[in-house]
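Engineer: Chain order of the listed sequences is H and Y. Just remember that the working numbering sits 47 ahead of the position in the first sequence, which is counted from 1. Just remember that the working numbering sits 47 ahead of the position in the second sequence, which is counted from 1. Would you mind keeping the following structure in view while I ask a few things?
2 protein chains.
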Amino acid sequence: MQLSPVMESFILHWGEMGSRWGLNRTVAQIYALLYVAGTPLPADEIAGTLKVARSNVSTSIRELQSWGLIARTHAIGDRRDHFVAETDLWTAAARVADARKRREIDPAIEALAGCLSDARTDDAIGKDAVARIRSMHDFLEAAGGWYEDVRELPQSKLETLMKMGAKVARLEARARKPKKKKKGKGRR
Amino acid sequence: MQLSPVMESFILHWGEMGSRWGLNRTVAQIYALLYVAGTPLPADEIAGTLKVARSNVSTSIRELQSWGLIARTHAIGDRRDHFVAETDLWTAAARVADARKRREIDPAIEALAGCLSDARTDDAIGKDAVARIRSMHDFLEAAGGWYEDVRELPQSKLETLMKMGAKVARLEARARKPKKKKKGKGRR
DNA sequence: TCCTTATTTCGGAATATTCTGAAACATCGT
DNA sequence: ACGATGTTTCAGAATATTCCGAAATAAGGA
Numbered sequence: 048m049q050l051s052p053v054m055e056s057f058i059l060h061w062g063e064m065g066s067r068w069g070l071n072r073t074v075a076q077i078y079a080l081l082y083v084a085g086t087p088l089p090a091d092e093i094a095g096t097l098k099v100a101r102s103n104v105s106t107s108i109r110e111l112q113s114w115g116l117i118a119r120t121h122a123i124g125d126r127r128d129h130f131v132a133e134t135d136l137w138t139a140a141a142r143v144a145d146a147r148k149r150r151e152i153d154p155a156i157e158a159l160a161g162c163l164s165d166a167r168t169d170d171a172i173g174k175d176a177v178a179r180i181r182s183m184h185d186f187l188e189a190a191g192g193w194y195e196d197v198r199e200l201p202q203s204k205l206e207t208l209m210k211m212g213a214k215v216a217r218l219e220a221r222a223r224k225p226k227k228k229k230k231g232k233g234r235r
Numbered sequence: 048m049q050l051s052p053v054m055e056s057f058i059l060h061w062g063e064m065g066s067r068w069g070l071n072r073t074v075a076q077i078y079a080l081l082y083v084a085g086t087p088l089p090a091d092e093i094a095g096t097l098k099v100a101r102s103n104v105s106t107s108i109r110e111l112q113s114w115g116l117i118a119r120t121h122a123i124g125d126r127r128d129h130f131v132a133e134t135d136l137w138t139a140a141a142r143v144a145d146a147r148k149r150r151e152i153d154p155a156i157e158a159l160a161g162c163l164s165d166a167r168t169d170d171a172i173g174k175d176a177v178a179r180i181r182s183m184h185d186f187l188e189a190a191g192g193w194y195e196d197v198r199e200l201p202q203s204k205l206e207t208l209m210k211m212g213a214k215v216a217r218l219e220a221r222a223r224k225p226k227k228k229k230k231g232k233g234r235r
């Protein structure tokens, strides 16, 4: 795959971004490459283009699949697996959110539940400390539950909901601080 | 600060969690400690309780402040700074979300905008590749804008909105898969 | 089966992050 | 000003992560 200067810079930037997001550089770059390429690429070509070890690509592809961000495809007359990026960004974002919930929120809830159950036999801990732990547990559980509910909405409904949110926000803002000149009606 | 077994395990778990969330262990543990303690603690006591270097506490406290998760307070007759955790979890979550947007989303938008402007003078890049980059840029910008709008809502409104979301989700779910005991009247 | 090609695993090198302890710095009271 | 107390900075040690390349494994076709 021949990269144009902008494609290259896009990929590099994504590598940066990825680190902030908890992916590692290679993983992020591979996604970026597949995303701009817009066409399925085999692993060795990815390795060649990004100049990383073939094995590194293998591992990273695994991770991307676990995030649900790329998919395997096959080309006729080619035994190699090819990979495509999910290009619908709503879908991709949802996949990332799902994965993060699963990895970050759910285990936390579980851990906190464990603490709470242990707390019953811990006579050195204060009542209020337990209460605080409980409220953190409940908070996470509520947020998680809400997410699950909303997560299953078809995209159209979701968009409607988001627009509603934004609209409410704008009305609210106007009501609360009518000092802004409010020249533009749009955001930003 | 004397830690009970459960408090200790809570803190340890939080340290774990923190790493998944992009904080480092010490930072996460300090927040956890202040959170369960529920009372302001001076830096050296934090260091003593968690058995980490005093300087490490100093750095971590800085970071926690930059996330807006703890605040300085003072006790009469004590020159030392004391720190308390934000215990309202709505607020804390909002602070984290703000910080993440600022660190993760905003720079990404900027980088993508840069790519797009460069793309005009890059004749080796395909139209469709540019289009894909643009759609990613627009997606992030839209999401960021939405977030900003909603972010400013008072908590009560936000909660209403979330409840609405969940309710819509439940109705929607019933309409779409009428196999639940409810005799589905709607089909799609 | 055996040869060829594609993929994965894995030990350790390269790199990046986190943490420590000492020293520098700041602030207050006297 | 000086000492006492508290805080921050910083270089390098400790640790963790990422990456490479060789070797093992799988899978297809003759």
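Just so you know, even glycine gets a beta-carbon here, dropped at the ideal spot from N, CA and C. This structure is a prediction, so every number in the text was calculated from the model and none was measured.
When DSSP builds the beta bridges, which residues end up paired with LEU88 (chain H)?
Structural biologist: H:PHE130
Engineer: Leaving aside the five residues before and after ALA141 (chain H) along the sequence, list all residues of the same chain whose C-beta is less than 8 Å from its C-beta, in chain order.
Structural biologist: Taken in chain order, the residues that qualify are ARG198.
Engineer: Among H:GLU219, H:ASP185 and H:LEU136, which has the Cα closest to the Cα of PRO201 (chain Y)?
Structural biologist: H:GLU219
Engineer: Please name the residue, chosen from Y:ARG179, Y:LEU97 and Y:LEU81, that lies closest to THR120 (chain Y) on a Cα-to-Cα basis.
Structural biologist: Minimum Cα distance to THR120 (chain Y) is reached at Y:LEU81.
Engineer: Which partner residues does ARG101 (chain H) have in the DSSP bridge list?
Structural biologist: Answer by DSSP bridge pairing: none, since ARG101 (chain H) is not bridged.
Engineer: Would you please verify whether the beta carbon of ALA220 (chain Y) is less than 8 Å from any beta carbon of chain H?
Structural biologist: Among the residues facing chain H, ALA220 (chain Y) is included, as its CB has a counterpart in that chain under 8 Å away.
Engineer: In the DSSP assignment, what are the bridge partners of THR120 (chain Y)?
Structural biologist: Paired residues: Y:HIS129.
Engineer: Going along the region 74-97 of chain Y in order, which residues come within less than 8 Å of chain H, judged by CB to CB distance?
Structural biologist: TYR82, VAL83, ALA84 and GLY85
Engineer: Taking buried to mean at least 16 other C-beta atoms within 10 Å of its own C-beta, is GLU157 (chain H) buried or exposed?
Structural biologist: exposed
Engineer: Grab the span of the alpha helix (DSSP H) containing ARG179 (chain Y) for me, first residue to last.
Structural biologist: 174-198
Engineer: Look up THR138 (chain Y) in the DSSP assignment and say whether it is helix, strand or coil.
Structural biologist: helix
Engineer: At what residues does the alpha helix (DSSP H) containing TRP68 (chain Y) begin and finish?
Structural biologist: Here TRP68 (chain Y) belongs to no alpha helix (DSSP H), and DSSP marks it neither H nor E.
Engineer: So for PRO154 (chain H), helix, strand or coil by DSSP?
Structural biologist: helix
Engineer: Classify GLY173 (chain H): buried if its beta carbon has 16 or more other beta carbons within 10 angstroms, exposed otherwise.
Structural biologist: exposed
Engineer: For TRP61 (chain H), name the three-state secondary structure that DSSP assigns.
Structural biologist: helix
Engineer: Would ALA75 (chain H) pass as a contact of GLY62 (chain H) if the rule is Cβ separation under 8 Å?
Structural biologist: yes
Engineer: With DSSP as the reference, label TRP114 (chain Y) as helix, strand or coil.
Structural biologist: helix
Engineer: Could you confirm whether any beta carbon from chain Y is found closer than 8 Å to the beta carbon of TRP68 (chain H)?
Structural biologist: yes
Engineer: Return the residues of the region 197-210 of chain H that lie within a Cβ-Cβ distance of less than 7 Å from chain Y, sorted by chain order.
Structural biologist: VAL197, GLU199, LEU200, LYS204, LEU208 and MET209
Engineer: Does THR134 (chain Y) get closer than 8 Å to chain H when you measure Cβ to Cβ?
Structural biologist: Yes, because at least one Cβ of chain H sits closer than 8 Å to the Cβ of THR134 (chain Y).
Engineer: How would you list, in chain order, the residues of chain Y whose beta-carbon sits under 8 Å from the beta-carbon of ALA158 (chain H)?
Structural biologist: HIS60, GLU63 and MET64
Engineer: Rounded to whole angstroms, what's the CA-CA distance from LEU136 (chain Y) to TYR78 (chain Y)? Just pull it up for me.
Structural biologist: 12 Å
Engineer: If you measure from the beta carbon of SER51 (chain H) to each beta carbon in chain Y, is any gap under 8 Å?
Structural biologist: So yes, SER51 (chain H) belongs to the interface.
Engineer: What's the gap between the Cα of ILE108 (chain Y) and the Cα of LEU88 (chain Y)?
Structural biologist: 12 Å
Engineer: Looking only at C-alpha atoms, which of Y:LYS204, Y:MET183 and Y:LYS98 sits nearest to THR134 (chain H)?
Structural biologist: Y:MET183
Engineer: So, does the CB of PHE130 (chain Y) fall closer than 8 Å to a CB anywhere in chain H?
Structural biologist: Output row for PHE130 (chain Y): interface = no.
Engineer: Helix, strand or coil: which one does DSSP assign to ASP165 (chain Y)?
Structural biologist: helix
Engineer: Mind pulling the chain Y residues with CB within less than 9 Å of TRP114 (chain H)?
Structural biologist: The contacting residues do not exist; TRP114 (chain H) stays about 14 Å from chain Y at best.
Engineer: Pick from Y:TRP114, Y:ALA189 and Y:HIS60: whose alpha carbon is nearest that of GLU206 (chain H)?
Structural biologist: Y:ALA189
Engineer: At a CB-CB cut-off below 9 Å, which residues of chain H make contact with ALA146 (chain Y)?
Structural biologist: None at all; the shortest Cβ gap to chain H is about 11 Å.
Engineer: Quick one: does ILE172 (chain H) have its CB under 8 Å from some CB of chain Y?
Structural biologist: Taking a beta-carbon distance threshold of 8 Å, ILE172 (chain H) counts as an interface residue toward chain Y.
Engineer: Can you list, in chain order, the residues of its chain with a C-beta nearer than 8 Å to that of ALA166 (chain H)? Leave out the 5 residues immediately preceding and following it.
Structural biologist: ILE172, VAL177 and ILE180
Engineer: For ALA176 (chain H), return the contacting residues in chain Y, with the cut-off set at a CB-CB distance below 7 Å.
Structural biologist: MET54, VAL83 and GLY85
Engineer: Using the beta-carbon of each residue, which ones in chain Y are nearer than 7 Å to ALA166 (chain H)?
Structural biologist: Residues of chain Y whose Cβ lies closer than 7 Å to the Cβ of ALA166 (chain H) are, in chain order, VAL53.
Engineer: Check LEU50 (chain H) in the structure and name its three-state DSSP category.
Structural biologist: coil
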